[in-house]
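Trainee:
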Amino acid sequence: MKDKMKIAVIASGRGSNFMALVKACRKDGFPAGIALLITDNPDAGALESARKNGIESFVVDCGPGRGSMSAESSSEMRRLCVERGVELVCLAGFMRIVRGDLLDAYGGRMLNIHPALLPSFKGLHGQKQALDYGVRYSGCTVHFVDPGVDTGPIIIQKVVPVMQDDTEESLSERILVEEHKAYPEAVRLYAGGKLKIEGRRVLISYE
Numbered sequence: 001m002k003d004k005m006k007i008a009v010i011a012s013g014r015g016s017n018f019m020a021l022v023k024a025c026r027k028d029g030f031p032a033g034i035a036l037l038i039t040d041n042p043d044a045g046a047l048e049s050a051r052k053n054g055i056e057s058f059v060v061d062c063g064p065g066r067g068s069m070s071a072e073s074s075s076e077m078r079r080l081c082v083e084r085g086v087e088l089v090c091l092a093g094f095m096r097i098v099r100g101d102l103l104d105a106y107g108g109r110m111l112n113i114h115p116a117l118l119p120s121f122k123g124l125h126g127q128k129q130a131l132d133y134g135v136r137y138s139g140c141t142v143h144f145v146d147p148g149v150d151t152g153p154i155i156i157q158k159v160v161p162v163m164q165d166d167t168e169e170s171l172s173e174r175i176l177v178e179e180h181k182a183y184p185e186a187v188r189l190y191a192g193g194k195l196k197i198e199g200r201r202v203l204i205s206y207e
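Following full-length UniProt numbering, the numbering of the sequence shown begins with 1 at its first residue and continues without gaps.
(1) I need the straight-line Cα distance from Val202 to Glu173, nearest angstrom please.
(2) On the three-pair Cβ rule with 8 Å, is the stretch 111-119 touching the stretch 65-75?
(3) Buried or exposed, going by whether 16 or more other CB atoms sit within 10 Å of the CB of Asp43?
(4) Val160: which of Gly148, Thr141, Gly152 sits nearest, CA to CA?
(5) To which residues does DSSP link Cys90 through a beta bridge?
(6) Taking a contact to mean a Cβ-Cβ separation below 9 Å, would you say Cys81 touches Leu21 in this structure?
(7) Which residue or residues does DSSP assign as beta-bridge partners of Leu203?
(8) What does the alpha-carbon distance come out to for the pair Thr39 and Pro153?
(9) Alpha carbon to alpha carbon, how far is Thr167 from Gln129?
(10) Inspect the beta-carbon positions of Leu37 and Ser16 and report whether they are closer than 9 Å.
(11) Looking at C-alpha atoms only, which residue of Val177, Met77, Arg188 is the closest neighbour of Arg26?
(12) Taking DSSP as the reference, what is the three-state secondary structure of Val145?
(13) Of the choices Tyr190, Ile97, Asp104, whose alpha-carbon is the least far from that of Leu124?
(14) The beta strand (DSSP E) with Leu37 in it runs from where to where?
(15) Output the distance between the C-alpha atoms of Gly192 and Ala182, rounded to the nearest integer angstrom.
(16) If the criterion is Cβ atoms closer than 9 Å, does the pair Asn41 and Ser12 meet it?
(17) Who does Ser57 pair with in a DSSP beta bridge?
(18) Extract the residue ranges of the alpha helix (DSSP H) inside the stretch 126-183, only unbroken runs of 4 or more that lie entirely within it.
(19) Quick one: Cα of Asp3 to Cα of Lys23, how far?
(20) Using three-state DSSP, classify Asp28 as helix, strand or coil.
(21) What does the Cβ neighbour count give for Gly139, buried or exposed, with the cut at 16 atoms within 10 Å?
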């Protein structure tokens with residue numbers, strides 16, 4: 001991983017976006033590499049993917065609170081990242097709100113991907129929210145993480161049309177295809193020094 005920015009991925013589930021990042025990081029010229037995977041779920045499919053790809057992984061108990069993480073777990077995740085020289089943290093289906101030491105240490109250096117066009121349909125089940133509202137277009141958003149829920153400055157958005165016969169599952173599948181494109185692109189831009197936050201806006205340098 002010499003000369004590449006070290007990133008940590010934090011996930012709770014099967015890890016499809018984790019694997020999209022793994023594949024991107026293996027490409028020639030990609031400026032980042034995955035140093036470790038952290039999960040709050042000992043049954044997460046992402047753990048097996050990490051094992052198969054030789055990526056160090058850890059399970060951190062975040063406490064019983066649904067959607068929240070304990071102060072101790074936030075501190076432990078920070079320690080794991082700092083000790084390995086991690087410069088960027090990527091949330092990939094991490095089903096908890098990040099607060100505490102981890103966010104303090106990686107503020108402005110933490111990304112998340114959300115399956116809706118923010119600022120609409122924040123939180124859980126963004127695809128179902130979009131269908132229930134009757135929008136004609138949905139998609140995904142990669143954004144910086146701040147103390148709110150899906151409220152950080154937006155980096156990249158990909159748009160997907162909503163079909164009349166869509167279900168939550170079919171719309172989710174089409175959005176996921178775009179997620180796997182958007183997240184590696186956002187990481188590439190960040191690791192390449194192409195992003196600058198100005199208030200609510202993220203400016204991208206294409207030079």
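Virtual Cβ for every residue (Gly too), placed ideally from N, Cα, C.
Mentor: Concretely, from the data shown:
(1) Cα to Cα, Val202 sits roughly 27 Å from Glu173.
(2) Verdict: no, contact absent.
(3) Exposed.
(4) When only C-alpha atoms are compared, the closest one is Thr141.
(5) Cys90 is bridged to Val9, Leu111.
(6) Cβ distance not < 9 Å, so Cys81 and Leu21 don't count as in contact.
(7) As computed with DSSP, Leu203 is found in a beta bridge with Lys196.
(8) C-alpha separation (whole angstroms): 24 Å.
(9) If you take the alpha carbons of Thr167 and Gln129, they lie about 11 Å apart.
(10) Contact check for Leu37 against Ser16 fails: the beta carbons are separated by 9 Å or more.
(11) For Arg26, the nearest C-alpha among the options comes from Arg188.
(12) Coil.
(13) The residue from Tyr190, Ile97, Asp104 with its alpha-carbon nearest to that of Leu124 is Ile97.
(14) For Leu37, the enclosing beta strand (DSSP E) covers residues 32-39.
(15) C-alpha of Gly192 to C-alpha of Ala182: approximately 15 Å in a straight line.
(16) Result yes, Cβ atoms of Asn41 and Ser12 sit closer than 9 Å.
(17) Answer is Leu37, bridged to Ser57.
(18) Complete alpha helix (DSSP H) runs here, min 4: 126-133.
(19) Looking at the two C-alpha atoms, the distance is approximately 18 Å.
(20) In the structure shown, the three-state DSSP call for Asp28 is coil.
(21) Buried.
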